[in-house]
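Here the structure is laid out as structure tokens; the discussion comes afterwards.
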Amino acid sequence: MNLLFILAVLAGPQLAPKPALLQPHPVNAVPADNVSEARVTVYGATWCSACKSLEASLRSRGIPFEVVDVDENPAAFAIAKKAAGVSAVPLTNVIRGPAQTWIVGADPDGVERAYKGG
């Protein structure tokens with residue numbers, strides 16, 4: 032009986048269902064060759080002055096972007112932090128076709144370069 036219990040405990044993690052991956056934000060699945068424009072997502076917070084500065088700069092440059100508030104959506108930020116390898120805000124993700132770029136900090140020039148594909 033004890034051996035059966037030990038085997039069940041050891042095998043449990045391999046037999047358990049895999050958790051579903053969370054998406055950081057709604058994603059419209061579009062084949063990479065059909066993407067005509069980059070998608071920009073800024074992970075920030077209402078208390079972050081650098082985030083507000085970056086958002087204002089992107090607006091003034093005419094770069095469309097989505098904001099994910101890290102305090103309101105910590106699960107999305109956890110996924111972004113893991114993907115980018117950093118845990119700072121603002122953290123910006125630019126997806127252009129098959130290319131994905133992570134930009135740490137308030138760097139509107141870097142976001143613009145990635146957005147325009149340069």
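What the sequence shown shows, in the numbering used here, is residues 32 to 149, in sequence order.
Even for Gly, the Cβ is constructed at its ideal location relative to N, Cα and C.
Local conformation of residue i per DSSP, three classes
i, result
"E103", "coil"
"G116", "coil"
"A109", "helix"
"G141", "helix"
"C79", "coil"
Assigned exposure category for residue i - 16 Cβ within 10 Å defines buried
i, result
"A87", "exposed"
"G116", "exposed"
"T77", "exposed"
"G75", "buried"
"P121", "buried"
"A130", "exposed"
"A111", "buried"
"P187", "Limits of the chain in this structure are 32 at one end and 149 at the other, which puts residue 187 out of reach."
"P57", "Summary for P57: the model assigns pLDDT 37, below 50, so the residue's position carries little reliability, and this model does not support an answer."
Counterpart residues of residue i in DSSP-defined beta bridges
i, result
"R70", "I126"
"E97", "T72"
"W133", "N124"
Supposed close pair residue i, residue j - CB separation, criterion 8 Å
i, j, result
"V71", "V142", "6 Å"
"I134", "A69", "At roughly 12 Å, the Cβ-Cβ gap does not stay under 8 Å, so I134 and A69 are not in contact."
"T123", "V73", "5 Å"
"S84", "A145", "Contact doesn't hold; Cβ gap of about 18 Å is too wide."
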